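In the numbering used here, the protein residues as written are 28 to 503.
Report on the structure given below.
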Amino acid sequence: MRAHLQSIDELPTLLAAQRRAFDQQGPVSAEQRRGRIQQVIDLLVEHHQQLAEAMDADFGGRHPGFGLMNDVLGSLGSLKHARDHLHEWMPNEPRQVFAPYDQLGAQGWVQYQPKGSVGIIGTWNAPLFTLLSPLACAFAAGNRAVLKPSEIVPRTAELLAQLVGQRFDPLELAIITGGVEVGQPFASQPFNHLVFTGSTEVGRDIMRRAAENLVPVTLELGGKSPVVIGQNADVAEAARRLAIAKGMNGGQLCISPDRVFVPVALREQFLRQFAETYSGLYPSVTDNPNQVCVVNERHLQRLDGYLQEVREMGVEVLQCPDVPFDASQRRRPLSLVVNPPLTSRIMREEIFGPALVVLTYSDIRHVVEEINQGERPLALYYFGQDQAEQDHVLGHTLSGGVTINDALMHAAMENAPFGGIGASGMGRYHGREGFLEFSHARTVFQAAAVDPRAEWGMLPPYHEGFTAVMQSQISR
Ligand code: NAD
């Protein structure tokens with residue numbers, strides 16, 4: 028059997044073989060875990076250029092330097108952090124044993140065991156990162172894995188499959204390419220854990236399928252990440268940083284700012300500064316190699332559809348940069364959509380592209396209410412210097428993560444969990460929390476040599492005073 032599976036029909040046999048190998052192996056040493064992670068690191072280091080070119084070609088335009096930063100260096104960050112810290116995460120954790128057994132010499136600890144085989148389904152927007160960053164934690168925890176890249180980036184998927192096929196023992200890591208016809212049976216396999224990155228809608232289907240086999244899931248989903256610009260924020264700096272963040276991957280990031288709440292009085296300044304920064308970063312649209320293309324025609328039509336709808340509703344839409352462009356290409360200027368109605372699609376669906384909704388407000392409490400009326404977002408951004416206001420926003424909302432006075436940054440913290448809540452997902456990876464996600468925390472109690480229960484009158488047949496003794500123990 029090869030690590031690059033040719034058909035989904037091979038997957039059950041492979042999983043059974045991984046299971047046998049796992050059971051036979053027993054404990055997976057730190058060295059073995061590091062070795063598996065190192066193989067992935069070596070694959071990326073040796074083939075980073077080809078991989079960046081494949082992503083560029085799949086998008087029809089994604090600067091190879093950006094591909095290296097987002098996917099190759101992003102994945103390497105997770106892999107190296109896991110490689111260099113797993114020895115700290117692996118040891119058994121002693122736990123205090125309850126009285127009086129602690130006095131008698133009993134001991135207790137938690138043992139972190141690998142679960143077995145982890146299935147990982149990735150997206151097109153970060154084709155390597157959504158596979159290899161969770162893989163770093165799955166390997167750190169001692170698991171084996173099978174990857175399923177997105178079919179929307181076929182060159183990247185095929186290249187990664189070839190490279191994994193050349194390098195890996197299929198009993199440790201395998202890969203299968205394909206679309207929904209592969210994804211659905213993949214999610215129906217009896218993995219020991221399943222990681223899915225993708226849309227909320229497909230996430231529901233994944234969870235239903237996993238439930239059939241009682242497979243635990245990590246769902247890394249999307250949502251409409253809000254930005255709150257406080258009353259006393261440095262609005263020019265906030266607009267500048269948001270313009271930089273929004274340009275990343277052409278807005279096709281799960282934590283991309285989706286809608287910005289701006290104090291009414293700061294509206295003009297915000298729009299002006301945002302447009303100026305964005306247009307400075309991307310002064311042209313057509314053939315601009317620094318701008319990442321919308322990935323395909325379907326997504327382009329979706330985005331053009333949002334904008335056409337709000338224009339027909341008479342909503343103000345500003346283009347950055349405000350220059351003519353060739354609409355037959357999949358590059359678009361960024362559209363700032365100001366105060367669209369709640370009924371518009373751009374207010375209901377995740378934008379996931381070069382557009383940003385700007386909503387003006389006069390009372391921050393209403394902003395918090397509006398955020399809470401929607402689904403829990405993957406990210407939340409707050410700009411401001413007012414501690415009480417910041418505490419109010421953070422204390423009254425829930426989101427996967429938060430960046431204060433910038434955007435996207437929290438996701439780059441390899442030593443802190445990354446994941447959503449509610450409709451933006453469940454579970455997490457990165458760092459120790461990622462290790463724990465893919466480990467079984469097994470509690471072990473080791474009894475003392477002496478068993479005093481008979482001597483203490485604790486065993487049946489219960490003596491006359493037994494109930495009274497029990498009652499005497501009941502306390503607040
Ligand atoms: P998608 O849900 O369409 O597809 C994701 C993956 O699932 C692909 O590999 C696809 O082949 C597979 N798939 C599709 N339908 C399936 C089904 N019914 N059963 C099993 N597998 C199926 O998502 P996408 O368009 O690739 O990615 C965009 C979405 O992903 C956005 O919502 C974005 O916010 C989210 N996202 C989240 C994160 C995160 O870390 N939380 C990261 C990147 C993207």
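Just so you know, even glycine gets a beta-carbon here, dropped at the ideal spot from N, CA and C.
Bear in mind that the values here come from a model prediction, so they are computed numbers and not experimental data.
Reduced DSSP secondary structure (H/G/I, E/B, other) of residue i
| i | result |
| --- | --- |
| PHE352 | coil |
| PRO290 | strand |
| ILE398 | helix |
| GLY452 | strand |
| GLU247 | strand |
| ILE378 | coil |
| ILE501 | coil |
| PHE445 | strand |
| VAL67 | helix |
| GLY427 | coil |
| GLU199 | coil |
| VAL496 | helix |
| PRO479 | coil |
| VAL55 | coil |
| ARG60 | helix |
| ARG46 | helix |
| ALA172 | strand |
| GLU73 | helix |
| ALA461 | Looking at the sequence shown, residue 461 is not Ala but Gly. Three-state DSSP puts GLY461 in a helix. |
| PRO487 | coil |
| HIS393 | helix |
| ASP433 | coil |
| MET440 | coil |
| ALA81 | helix |
| GLY92 | helix |
| ASN152 | coil |
Segment limits, alpha helix (DSSP H) that includes residue i
| i | result |
| --- | --- |
| TYR408 | Segment 406-410 is the beta strand (DSSP E) holding TYR408; no alpha helix (DSSP H) there. |
| TRP136 | Element bounds for TRP136: not the alpha helix (DSSP H) but the beta strand (DSSP E), 134-141. |
| ARG29 | No alpha helix (DSSP H) holds ARG29; DSSP gives it neither H nor E. |
| PHE125 | Premise fails: PHE125 is in no alpha helix (DSSP H) and is neither H nor E. |
| SER160 | 156-167 |
| VAL191 | 181-194 |
| PRO368 | Counting along the chain, PRO368 falls outside any alpha helix (DSSP H), and DSSP gives it neither H nor E. |
Unbroken beta strand (DSSP E) run spanning residue i, endpoints
| i | result |
| --- | --- |
| VAL365 | 361-365 |
| GLN473 | 466-473 |
| ILE147 | 144-148 |
| LYS388 | Residue identity check: residue 388 is Tyr in the sequence provided, not Lys. Run containing TYR388: 382-388, per the beta strand (DSSP E) assignment. |
| GLU37 | GLU37 -> no beta strand (DSSP E), and no H or E assigned at all. |
| GLU343 | 343-347 |
| ARG110 | Run containing ARG110: none in the beta strand (DSSP E); it sits in the alpha helix (DSSP H), 101-116. |
| VAL420 | Unbroken run through VAL420 is the alpha helix (DSSP H), 414-422; no beta strand (DSSP E). |
| ARG6 | The structure shown does not extend to residue 6, since the chain is modelled only from 28 through 503, so no value can be given for it. |
Nearest candidate by alpha-carbon position, reference residue i, set the options
| i | options | result |
| --- | --- | --- |
| GLY380 | VAL395, ASN323, ILE203, VAL429 | ASN323 |
| VAL14 | ASP285, VAL364, ASP50, GLU178 | Residue 14 lies beyond the range of the chain shown here (28 to 503); nothing can be said about it. |
| SER102 | ILE64, ALA133, PHE125, HIS112 | ILE64 |
| LYS175 | HIS108, ARG459, GLY149, GLN414 | GLY149 |
| VAL242 | ARG231, ALA214, ALA263 | ALA214 |
| GLY447 | ILE282, GLN66, GLU264 | ILE282 |
| SER311 | GLU396, PHE352, VAL262, PRO212 | PHE352 |
| THR183 | VAL229, LEU155, HIS114, ARG267 | LEU155 |
| ARG375 | ARG392, TYR409, GLU336 | GLU336 |
| GLU199 | GLY230, ALA48, LYS251 | ALA48 |
| LEU383 | ASN432, ALA438, GLY422, VAL254 | VAL254 |
| GLU185 | GLY143, ILE203, ASN170 | ILE203 |
| GLN66 | ALA167, LEU131, PRO141 | ALA167 |
| ALA450 | ALA79, GLU247, GLU80, PRO121 | GLU247 |
| ASN170 | PRO141, GLY192, PRO161 | PRO141 |
| PRO479 | PRO127, ARG110, PRO54, GLN59 | PRO127 |
| LEU280 | PHE93, GLU482, GLU460, ILE68 | PHE93 |
Contact set for residue i: own chain, Cβ-Cβ below 6 Å, skip 5 residues either direction
| i | result |
| --- | --- |
| GLY274 | LEU308 |
| TYR305 | ALA270, CYS347, LEU361 |
| VAL173 | GLY146, ALA201 |
Cβ shell of residue i (< 7 Å), same chain only, five flanking positions each side left out
| i | result |
| --- | --- |
| ARG294 | THR387 |
| PRO197 | MET28, ARG29, ALA30, LEU41 |
| ALA57 | LEU113, HIS114, MET117 |
| PRO212 | ILE35 |
| GLN134 | VAL124, GLN473 |
| ALA468 | VAL137, TYR139 |
| GLU464 | CYS164, THR245, GLY454, ARG455, TYR456 |
| TRP151 | SER177, ILE179, VAL180, VAL322 |
8 Å CB neighbourhood of residue i in its chain, flanking five on each side removed
| i | result |
| --- | --- |
| HIS90 | ASP83, PRO316, ASN317, VAL319 |
| GLU343 | VAL364, VAL365, ASN366 |
| GLN417 | GLY257, TYR409, GLY411, ILE431 |
| GLY132 | ALA475, ALA476, VAL477 |
Fill in: Ordered list of alpha helix (DSSP H) runs contained in the stretch 287-339, each at least 4 residues
Every unbroken stretch of the alpha helix (DSSP H) spanning 4 or more residues and falling wholly within the stretch 287-339 is given here in chain order: 294-308, 324-339.
Worksheet item: Can you give, in chain order, each stretch of the beta strand (DSSP E) that sits fully within the stretch 205-284 and has at least 3 residues?
Response: The beta strand (DSSP E) runs lying completely inside the stretch 205-284 and spanning 3 residues or more are 220-224, 244-247, 253-256, given in chain order.
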